[in-house]
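The next block holds one structure in the form of C-alpha cells; read it before the comments.
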Amino acid sequence: MAVATNLGFPRIGAKRELKKATEAYWKNQISETELIIAGKAIRKENWLLQKNAGIDHIPVGDFSFYDHVLDMSALLGCVPERYEWDGTAITAETYFAMARGSKNAPAMEMTKWFNTNYHYIVPEFESVDKLKISSSKIFDEIQEAQSLGIAPRPVILGPLSYIGLGKIKASALTKKDILTALKPLYAEIIARFKTMGVEWVQIDEPLLVTDICDETRQAYRETYGWLRAQSDIKILLATYFEDLGPNIDLALNLDVDGLHIDTKRGPKQVDYIIEHLPKGRTLSLGLVDGRNIWRSDLQDAIDVAKKALASTGSSRLMIAPSCSMIHSPVDLDQEDKLDSEIKNWLAFAKQKINEIALITSALNEGEDSIATELADNQKAIAERKVSPRIHNPNVKQRTQKVNSEMAQRTSSFATREQIQADIYKLPAFPTTTIGSFPQTSDIRAARAAYKKGDLSRERYVEAMKKEIEGVVRYQEAADIDVLVHGEAERNDMVEYFGEHLEGFAFTRFGWVQSYGSRYVKPPIIFGDVSRPKAMTVEWSRYAQSLTARPMKGMLTGPVTIMFWSFIRDDQPLSDTCRQIALAIRDEVCDLETAGVTIIQIDEPAIREGLPIHKDDWAAYLKWAVECFKLSSCGVEDSTQIHTHMCYSEFNDIIESIAALDADVISIETSRSQMELLDAFADYAYPNQIGPGVYDIHSPRIPSEEDMTTLLQKASDVLKAEQIWVNPDCGLKTRGWEEVKPALDNMVKSAKHMRLAYKKSQAA
Ligand code: GLN
Ligand code: ZN
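Written out as C-alpha cells, the structure reads:
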C-alpha cells in the first residue's frame, strides 16, 4: 500500500493561536505553563486533523514556539556564550532571548529560509565543548502524540543542513569539528526515538538541493553511512525547494531507507529518480505543492505517482506535500468572504492534506474510489484555465510594448547626484527612516472599524491624517532630515498595494509565519495586474504639505509585491512581475507630478527570488533588475529614487543591487554587525547607501555609541559622502517608547559623525 504522509503542518493555529499565546507570554500576561498548554492544544488539533483525514505518517517536531532551526539549536545545546546559559535544560527565557535578544545580549542573526519568506535563527558555532542534548521538547511531543493515539514521525533538521545554515564564530573551529561533535548527538537522538517506538524519522536535508562542494558531498556519505550503523530506525531523507541537480546521484545512493523529493519545484528530476532509485529504497513523492494556495491537479499527481509505482512497488511509495506546509495558510474553509469562483481554485494546508489522502486512495483502491472528488477537481482545474477573470488584453499589450529605454534613467548617477545635492541640500550623514512608524492600537482600531463599515471614509481619513501629522511633527522635533509619513494607512506593505490593484484576491485568515510571532497574509495574484487609479499620492501629498523638509513617498517594488504574494502558476514569473512594474511606474510618475520627489521603492524580497542553483541566477537577476528599473526610471534626474532591502545576504548579489541604479539604498546590516560591508572592501558601491544602524527586530535600544561604532565601520569602506543614517527596517512592529530613544540616539550619532567629518574636511 502507498502511504499518505506529511512533512510538516502550519504551527500557527487556524486562528493564530500561537501568536496570541507567545505575545501574551512575552508581555507577562500569561505564565510559561499557560504558554505550554496553548502549544499543546495547537498540536493536538493539527495531529487529529491529519489523522482523521487519513494521513498515515504524521510529523512531530514541526511545531515550534519560534522557529524550528532555533529548536534544533536548543536540542543540540548550541547556545552562544552571551546568553550565559548554565548548561541545564534550556528554559523559555534562554530560548526567547536567543530569538529576540535580552537586556544583556542582542538576538541571534535571522535570515531567510532558502528562497522562502520564512526566517530562521542562524545557528552560531563558538565552540563544540558544550554541545549536548539540552531540550526534551521533541521527545515530549512524541509522547504527547502517542498518548493521543498518533503514531509520530519525528522531523529534525539534518546535521549537514544545520551546520551549513549556521555561522562559525571562532577562527579555530571548522565545519568538520562541528560535524564530529554533532554526529554522536544525532545518533543519540534517533536512538531515543527508536526506544520510544518510532518507526520512521524524517531528517530534512534541504542543503542537498543547493550547490555544495565535494567535501560536503563526502561528509554526506560518511555521516549517513555512520548514522545508519548506529540505529535500525528508518530514515527518510527529505529534500525540497529545488531539484537535486548535480547531487542527484549522491542523494540516491546515501545509506538511508527513504528519499523525499519535491516534484513541484524540481519536476526535472522525477523521471531520473524513478528510474535510478536503488532497490529496496522508499520514495516519498512531493506531489502537492506545500508553498502555494492552488488546488492540485489530482489527475496529474496520480499519473506521476503511478509511474513511480512501477519502480517502487506500492509498499515503498509515500505520497507527500512537496515540502513542509508551513508556507501555506491553514484552512480555506474559514474564508467566508472569498469570491466563490476563485475560492474553488484554491487549497490551503487542510485541503492539501485531503488531496494527499485522495491521491493515496486512488493508488491503493483505484481511481474509481475517488471518482466524485476527482471529477470535481478536474472541473475546477479546467474552469480556471479559461476564466475571463484572469486575462486582460490591455495589460498583455502594454507589457509587450516595454522597451529598454523605459528601464534607464536619463542621466548617469554622477549627474543626478549633483542635481539632487543642489535641490535637497542635505547635510553629510543625512538621517531618515525606512517608512513605517509604530502601528499603535488606535491605528489598528480605526482601520478595523473602517473595514467593518463602523467608521466612515471621511472619519477614517481624518484619523489617519492626524496620525500622519503627529509623525511629521515628531520627526521634525527629532531633527530627522528626510521624513516619512509613517504608513499608518497600511495594514501591510504588499497587501495595501494589492488592494489597490486589479488581479489580486484577499483572504481573511490566510496567514503564514514570516518570523517568530510575525505572520503575513499574502494576497493572491490570480490574474493580469493593472492599476485603476493612484494608490498613495493623496497621503504623500498631504504629508508633504505639512512640512518644509523633504517627504519620502513610499512604495513597494514589483519584485517584492510578487514574491510576498501567492503567485499565479499559469505564466512565467517574469511576465507577472513586469505587469506589476508598470503599475508601480505609473504611481512613481504620479507622485513626482504631485511634488513628492524623493520616492522609496522597497525591494526587500529581491534576494529571496534568487533561484537555488547558481546557474539560474543570472537569468533571474536580469529580469528582476529590469522590473525594478521599469518601475523607477520614468522620472526626472532631480527625483531621488531610494530603495530598501533587509534580512538576507546581499554580498553575493551586490553588483545587481548596484545595477538597480537607485540613488540611495537603505540596507539591513546591524544584526550581522555590518558583515555586509565586507562586500565593499572589494567592490566600490557606486551610489549612496544607508547601512542600517538600529536592529528593529529586537526590543533592545541601541546607544549612540553602538550606532557610531557601526557608522565608523561603514566609513572604513565607504566614502563619507555616500553614507546615510537609518534603521534596518520599518518601525511598525516596535512601540513608541522604544523608537523615540533609539531614533534620538541615531540622530545624535549622525551629528557626531557629521561633526567629525566637517573637522576632517577643515583639516
Ligand atoms: N517601508 C516598509 C516599512 O517601513 C518597509 C518594510 C520592509 O522592508 N519589510 O515598514
Ligand atoms: Zn526592511
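To get the working numbering, take the position in the sequence shown, counting from 1, and add 10.
For every residue, glycine included, the Cβ atom is placed at its ideal position computed from N, Cα and C.
Contact test: residue i Cβ vs ligand 1 heavy atom, cutoff 6 Å
i	result
Lys699	In the sequence under discussion, the amino acid at residue 699 is Ile, which differs from the Lys named in the question. Flag unset: Cβ of Ile699 not near ligand 1.
Met328	no
Met684	no
Gly445	yes
Met503	yes
Lys531	no
Asp612	yes
Lys742	yes
Cys656	yes
Residue i: CB within 6 Å of a non-hydrogen atom of ligand 2
i	result
Cys739	yes
Pro448	no
Pro440	no
Same chain, Cβ closer than 7 Å to residue i, neighbours up to 5 away in sequence not counted
i	result
Glu134	Pro90, Met118, Gly176, Lys177, Lys179
His129	Met120, Thr121, Lys122, Trp123, Ser524, Tyr525, Tyr657
Val547	Asp600, Leu601, Ala604
Ile577	Ile535, Leu583, Thr586
Glu477	Ile453, Gly496, Ala498
Leu631	Ile663, Ser666
Asn364	Ala63
Pro751	Ile711
Gln554	Met561, Gly605, Val606
Beta-carbon contacts of residue i that lie in its chain and below 8 Å, excluding the five residues immediately before and after
i	result
Asn775	Residue 775 falls outside the range modelled here, since the chain spans only 11 to 773, and no answer is possible.
Glu132	Sequence inspection shows Val at residue 132; the Glu mentioned does not correspond to that position. Within the same chain, Val132 has close Cβ partners Val79, Met118, Glu119, Met120, Thr121, Leu175, Gly176, Lys177.
Asp673	Phe423, Arg426, Glu427, Gln430, Gln650, Ile651, His652, Asn697, Gln698
Glu27	Ala48, Ala51, Ile52
Pro116	Arg92, Arg681, Asp705, Ser708, Arg710
Thr184	Ile178
Residue i (DSSP reduced to helix, strand or coil)
i	result
Trp36	helix
Met777	The requested residue 777 does not occur in the structure, where the chain is confined to residues 11 to 773.
Tyr525	strand
Gly480	helix
Leu195	helix
Met335	helix
Thr184	coil
Pro568	helix
Val530	strand
Leu80	helix
Arg163	strand
Ser648	coil
Glu659	coil
Ser642	helix
His707	coil
His286	helix
Met328	strand
Nonlocal neighbours in the same chain, by C-beta distance under 6 Å from residue i, ignoring five residues either side
i	result
Thr442	Val492, Asn736
Ala760	Phe439, Thr441, Val735
Leu45	Ala31, Tyr35
Val4	A query on residue 4 cannot be resolved here, the shown segment of the chain reaching from 11 to 773 and no further.
Gly563	Ser550, Leu601, Val606, Ile609
Leu85	Ser145
Ile675	Thr653, Ile699
Heavy atom of ligand 3 within 6 Å of residue i beta-carbon
i	result
Lys244	Of the ligands one can find in the structure shown, namely ligand 1 and ligand 2, none is ligand 3.
Query raised in the report: Okay, do the stretch 511-521 and the stretch 459-469 touch, 3+ Cβ pairs below 8 Å being the bar?
Result: The stretch 511-521 and the stretch 459-469 do not touch, with fewer than 3 CB-CB distances between them shorter than 8 Å.
Requested in this report: State whether the stretch 708-716 contacts the stretch 753-768, with contact taken as three or more CB pairs (one from each stretch) at a distance under 8 Å.
Outcome: Touching, yes, given that three or more Cβ pairs across the two stretches are closer than 8 Å.
Query raised in the report: Counting Cβ pairs closer than 8 Å, one from the stretch 325-340 and one from the stretch 254-273, do we hit at least three?
Result: Below 8 Å, enough C-beta pairs join the stretch 325-340 and the stretch 254-273 to call them touching: three or more.
Query raised in the report: So does the stretch 95-114 actually touch the stretch 49-56, counting three or more Cβ pairs closer than 8 Å?
Result: Contact check between the stretch 95-114 and the stretch 49-56: fewer than three CB pairs, one atom from each, fall below 8 Å, which does not count as touching.
Query raised in the report: So, do the stretch 558-567 and the stretch 524-534 have three or more beta carbon pairs nearer to each other than 8 Å?
Result: For the pair of segments examined, the stretch 558-567 was found not to touch the stretch 524-534: the number of CB pairs separated by less than 8 Å stays below three.
Query raised in the report: Using 8 Å as the threshold, is the stretch 317-330 in touch with the stretch 345-358, meaning 3 or more CB pairs across them?
Result: The answer is no - the stretch 345-358 does not touch the stretch 317-330, with fewer than three Cβ pairs under 8 Å.
Requested in this report: Could you tell me whether the stretch 58-72 touches the stretch 11-31, where touching means 3 or more Cβ pairs closer than 8 Å?
Outcome: Yes: at least three Cβ pairs fall under 8 Å.
Query raised in the report: Is the stretch 248-259 in contact with the stretch 211-223, if contact means three or more CB pairs nearer than 8 Å?
Result: Taking 8 Å as the limit for Cβ pairs, the verdict is that the stretch 211-223 does touch the stretch 248-259.
Query raised in the report: Is there contact between the stretch 610-622 and the stretch 387-401, where contact requires at least three CB pairs shorter than 8 Å?
Result: These segments do not touch.
Report task. Could you tell me whether the stretch 36-45 touches the stretch 179-194, where touching means 3 or more Cβ pairs closer than 8 Å? Result -> Remark: fewer than three beta-carbon pairs, one from each stretch, lie closer than 8 Å, so the stretch 36-45 and the stretch 179-194 are not flagged as touching.
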